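*Asks:* Starting off with a structure, shown below.
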DNA sequence: CTGAAAGCGCTAACAC
DNA sequence: GTGTTAGCGCTTTCAG
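Protein chains in written order, with my numbering: chain P, 192 to 527; chain W, 192 to 527.
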């Protein structure tokens, strides 16, 4: 491997001079600078960033951990994070925890041993607390994305789960629905709890009784959920509309309904949190509360780099990004 | 930062002994091993992989460069790559070139300076040759994904662009269409050229004349393509069906058609390469040649690690993974 | 079984 | 302007 010493020897200077040329630091005569640069070209020299990191105690790598790489919400978020990282001179070490605590733990170990400069972390759920504490014990700069974790203080970029849920449910109410089911993510996840709260609030504000039988806790990735669904459908007084707490749950519900011969929105209205990317472009069908996914990533990355570079106060900040209600055709007026 | 020396001192051994405990190498008495392990726990020690990489000349990081993180084909591929990397003990440094040569070059520089162990590379197009040569000059293990690049010899995992295109077009022919447009990716990209060849082959085999006016070269990411589309529609003898060379082009075409008040498949049949992920789950509409995206990633990663660990012959291998024709409802019988 | 010395490639601090 | 020295945290080699 070519090192600065190889360059130094061939250019008749010391390694230090080469280092200075590479980093544009210190004063160097134009003559030697040119000579060194030329030798570097000739030998196709590329600096070894491991060696650099070792001495500088800085990797210029930021780790991004998301929970589902196939979900457009997270890929758009990743793009935002990546664009911003790149613009500010950082590389992205990317990980996908698959909503799985064991995988998440593996990534945390890796993050620590790689000595990345900071972590953008979308937690799997409340059980991520241990992993986050581990990071904090090592003073790893940290920004939480999309979900909060009880007991963890850190900069956090959240969506307006409660508010968004309230508006989705009020939309259904305005269409005349009174029996509205909630198919939710795991109770272990802050967004699921908040969406539940928003759901209840909307009902209460509109004097619609809350019925626990209409509320299901599932898992944000569970596309298929036949049993849960037929449970709902076989209620004495079944729902006429479904609020799915995220895009995958909505798709699962719609597939399930179709399997039972039911059509959306004719036989059942469906709305959900998170837009669908391509799917909505092709077929603007689902009524959703769309979150500014790109901004989650770009703002989170911005905050993280602020912290890494010491531009943040000590107090952790939290922001709640608003979602946008996009009314399409998956929810219709209740037939009387 | 806690180092092996801190551990060593506290455990009354030498750094070397600590290193041996960490790596399970050499012979160590159970007593000292236990003692060292306990101290490591107490101090929350995590090895510094930069220091390790520096001496071992191995990072256990593999770089994956894709061209579009919002395309389900690539995210599924990424998942395959990631799962396999993780299983085999490698980390993934992830990059997104956005079908952009300048971004691609930046990533190549980064890859080189990070001294990753190898690169899984989905090239932007023929212009990637310079970047690939740069990698090869540095003996960087390399596997090409999805696209070939003239002049570059390397292990390559490809889809059956020609064959898949032929089958899609023959499907349209079997429905009675004779005027079939091709909306293609850039001529600079091997898959686009191959899909063009397959298109021509299908026509020839079925004695349908080839008309250059029906063939458009665009860009795989160009969702909107109004001018190109109206050009086609205003032909003296306009097409009755469109073969879009990938999923995004198909969606762009369908949106464009709708903007003109045309319905798919009633007024125009549309088929394309690559499935749509969520979109197809929600609404199985587009007739496509679906590629085994996950396998692109997992097989490519497997091959790459084989090479990194010296388990490959010198000869570069190429595999062509078959696609699957999935007939849905976006293409219909030609009305006579 | 355990330790001391040297070096991976680079840069900060200090000479000259 | 440029060079020397030392050390970042770790492992290899060779002694004991």
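For each residue, glycine too, the CB sits at the ideal point set by N, CA and C. Quantities reported herein were computed from a predicted structural model and do not represent experimental measurements.
Along the chain, where does the alpha helix (DSSP H) containing residue 497(P) start, and where does it finish?
*Replies:* For the purposes of this step, residue 497(P) is taken as the residue at position 306 of the first chain. Residue 497(P) -> alpha helix (DSSP H) spans 484–499.
*Asks:* Where in the region 263–312 of chain P do unbroken runs of the alpha helix (DSSP H), each at least 4 residues long, occur, reported from the N-terminal end onward?
*Replies:* Segments of the alpha helix (DSSP H) lying fully in the region 263–312 of chain P: 263–278, 292–305.
*Asks:* In angstroms, rounded to a whole number, what distance separates the CA positions of residue 531(W) and residue 480(P)?
*Replies:* No answer is possible for residue 531(W): it lies beyond the span of chain W, which begins at 192 and ends at 527.
*Asks:* Leaving out five residues before and five after residue 445(P) in sequence, what residues of the same chain have Cβ atoms less than 7 Å from its Cβ?
*Replies:* Stepping through the first chain from its first residue, residue 445(P) is reached at position 254. Counting only Cβ-Cβ distances below 7 Å, and skipping sequence neighbours, we find 455, 461.
*Asks:* Using Cβ-Cβ distances below 7 Å, what residues of the region 219–241 of chain P are close to chain W?
*Replies:* Those residues of the region 219–241 of chain P that come within reach of chain W (Cβ to Cβ, closer than 7 Å) are 235, 237, 238, 239, 240, 241.
*Asks:* Got a sec, what are the start and stop residues for the alpha helix (DSSP H) residue 377(W) sits in?
*Replies:* Against the second chain, residue 377(W) aligns to sequence position 186. Element bounds for residue 377(W): n/a, residue is neither H nor E.
*Asks:* Buried or exposed for residue 196(P), please, with buried defined as at least 16 other CB atoms from any protein chain shown within 10 angstroms of its CB.
*Replies:* In the first chain, the residue the question calls residue 196(P) occupies position 5. Exposed.
*Asks:* So which residues of chain P does residue 474(W) contact, with C-beta pairs closer than 8 Å?
*Replies:* Taking the second chain and counting its residues from 1, the one referred to as residue 474(W) is at position 283. Chain P residues near residue 474(W): 470, 473, 474, 476.
*Asks:* Alpha helix (DSSP H) containing residue 476(P): first to last residue?
*Replies:* Numbered from 1 along the first chain, position 285 holds the residue referred to as residue 476(P). Residue 476(P) -> no alpha helix (DSSP H), and no H or E assigned at all.
*Asks:* Please tell me whether residue 359(P) and residue 389(P) are closer than 9 Å, where the distance is taken between their beta carbons.
*Replies:* Sequence index remark: in the first chain, residue 359(P) carries index 168 (1-based). Sequence index remark: in the first chain, residue 389(P) carries index 198 (1-based). Cβ distance < 9 Å, so residue 359(P) and residue 389(P) count as in contact.
*Asks:* Using DSSP bridges, identify the partner residues of residue 561(W).
*Replies:* Examination of residue 561(W) is not possible in this model, given that chain W is present from 192 through 527 alone.
*Asks:* Is the region 237–250 of chain W touching the region 217–228 of chain W in the sense that three or more CB pairs, one from each, lie closer than 8 Å?
*Replies:* The region 217–228 of chain W is not in contact with the region 237–250 of chain W.
*Asks:* Which of helix, strand or coil does DSSP assign to residue 392(W)?
*Replies:* Numbered from 1 along the second chain, position 201 holds the residue referred to as residue 392(W). Of the three classes helix, strand and coil, the one that applies to residue 392(W) here is helix, per DSSP.
*Asks:* What does DSSP give as the partner residues of residue 531(W) in its beta bridges?
*Replies:* There is simply no residue 531(W) to check, as chain W begins at 192 and stops at 527 in what is shown.
*Asks:* Can you list, in chain order, the residues of its chain with a C-beta nearer than 6 Å to that of residue 372(W)? Leave out the 5 residues immediately preceding and following it.
*Replies:* As a first step, residue 372(W) is located in the second chain; it is residue number 181 there, counting from the start. 405, 423, 430, 433, listed in sequence order.
*Asks:* Just checking my contact of residue 346(P) with residue 502(P) at CB under 8 Å: how many whole Å lie between their CB atoms?
*Replies:* One-based indexing of the first chain puts residue 346(P) at position 155. One-based indexing of the first chain puts residue 502(P) at position 311. Rounded, the Cβ-Cβ distance is 12 Å, inconsistent with contact.
*Asks:* To the nearest angstrom, how far is the alpha carbon of residue 309(W) from that of residue 213(P)?
*Replies:* The residue you call residue 309(W) lines up with position 118 of the second chain. The residue you call residue 213(P) lines up with position 22 of the first chain. Rounded to the nearest angstrom, the two C-alpha atoms are 25 Å apart.
*Asks:* Near residue 326(P), what residues of its chain come up, given a Cβ to Cβ distance below 8 Å and the 5 sequence neighbours on each side ignored?
*Replies:* To locate residue 326(P), count along the first chain from 1; it is residue 135. Taken in chain order, the residues that qualify are 299, 302, 303, 310, 312, 333.
*Asks:* So that I know if they touch, is there some Cβ in chain W lying closer than 9 Å to that of residue 300(P)?
*Replies:* Within the first chain, residue 300(P) is the residue found at index 109, counting from 1. Answer yes: the Cβ-Cβ gap between residue 300(P) and chain W drops below 9 Å somewhere.
*Asks:* What are the start and end residues of the alpha helix (DSSP H) that includes residue 511(P)?
*Replies:* What you label residue 511(P) is simply residue 320 of the first chain in a count that begins at 1. Segment 509–512 is the beta strand (DSSP E) holding residue 511(P); no alpha helix (DSSP H) there.
*Asks:* I'd like the list of long-range same chain contacts for residue 498(P), defined as Cβ closer than 6 Å, with 5 residues on each side in sequence excluded.
*Replies:* Position 307 of the first chain, counted from the start, is the residue given in the question as residue 498(P). So the list reads 332, once near-sequence residues are dropped.
*Asks:* As a quick exercise: from 258(P), 355(P), 366(P), pick the residue whose alpha carbon is nearest that of residue 483(P).
*Replies:* Taking the first residue of the first chain as position 1, residue 483(P) is located at position 292. For the residues 258(P), 355(P), 366(P), the minimum Cα distance to residue 483(P) belongs to 355(P).
*Asks:* Residue 316(P) and residue 216(P) look like a contact to me (Cβ under 8 Å); what is the Cβ gap, rounded to whole Å?
*Replies:* For the purposes of this step, residue 316(P) is identified with residue 125 of the first chain, where counting begins at 1. For the purposes of this step, residue 216(P) is identified with residue 25 of the first chain, where counting begins at 1. So it is not a contact: roughly 46 Å between Cβ atoms.
*Asks:* Which class does residue 516(P) belong to by DSSP, given the choice of helix, strand or coil?
*Replies:* In the first chain, residue 516(P) corresponds to position 325, counting from 1. Residue state, collapsed to three classes: strand.
*Asks:* Would you report the Cα separation of residue 351(W) and residue 398(P), rounded to the nearest angstrom?
*Replies:* Within the second chain, the letter at position 160 stands for residue 351(W). Within the first chain, the letter at position 207 stands for residue 398(P). Computed Cα separation, rounded: 59 Å.
*Asks:* By the DSSP assignment, the beta strand (DSSP E) with residue 571(P) in it spans what residues?
*Replies:* This structure leaves residue 571(P) out entirely; chain P is present only between 192 and 527.
*Asks:* Which whole-angstrom value describes the C-beta separation of residue 271(P) and residue 485(P), a residue pair presumed to lie in contact below a C-beta threshold of 8 Å?
*Replies:* Taking the first chain and counting its residues from 1, one reaches residue 271(P) at position 80. Taking the first chain and counting its residues from 1, one reaches residue 485(P) at position 294. Sure, about 4 Å apart at Cβ, within 8 Å.
*Asks:* Thinking C-alpha only, which one of 403(W), 357(W), 409(W) is nearest residue 379(W)?
*Replies:* In the second chain, counting from the first residue as 1, residue 379(W) sits at position 188. Residue 409(W) is the option with its Cα nearest to residue 379(W).
*Asks:* Taking only beta-carbon positions, decide if residue 174(P) is within less than 9 Å of chain W.
*Replies:* Here chain P has residues from 192 to 527 only, and residue 174(P) is not among them.
*Asks:* Go ahead and pull the three-state DSSP assignment for residue 527(W).
*Replies:* Taking the second chain and counting its residues from 1, one reaches residue 527(W) at position 336. Note: residue 527(W) maps to coil in three-state DSSP.
*Asks:* From 393(P), 382(P), 252(P), 344(P), pick the residue whose C-alpha is nearest to that of residue 357(P); which is it?
*Replies:* Sequence index remark: in the first chain, residue 357(P) carries index 166 (1-based). Of 393(P), 382(P), 252(P), 344(P), the residue nearest in Cα terms is 393(P).
*Asks:* When the cut-off is 9 Å and only beta carbons count, does residue 328(P) lie next to chain W?
*Replies:* Position 137 of the first chain, counted from the first residue, corresponds to residue 328(P). Taking Cβ atoms only, chain W reaches closer than 9 Å to residue 328(P), which makes this a yes.
*Asks:* Within 9 Å (strictly less), CB to CB, does residue 528(W) reach chain P?
*Replies:* With chain W represented from 192 up to 527, any question about residue 528(W) goes unanswered, as that position is not in the structure.
*Asks:* If you count every other CB in all the chains shown that lies within 10 Å of the CB of residue 259(P), and 16 or more means buried, which is it?
*Replies:* Here the question's residue 259(P) lines up with position 68 in the first chain. When all chains shown are included, residue 259(P) counts as buried.
*Asks:* Helix or strand or just coil, what does DSSP make of residue 503(P)?
*Replies:* On the first chain, residue 503(P) is found 312 positions in, with the first residue counted as 1. Three-state result, residue 503(P): coil.
*Asks:* Between 263(P), 295(P), 450(P), which lies nearest to residue 255(P) when the distance is taken from Cα to Cα?
*Replies:* Numbered from its first residue, the first chain carries residue 255(P) at position 64. Measuring from the Cα of residue 255(P), the nearest candidate turns out to be 295(P).
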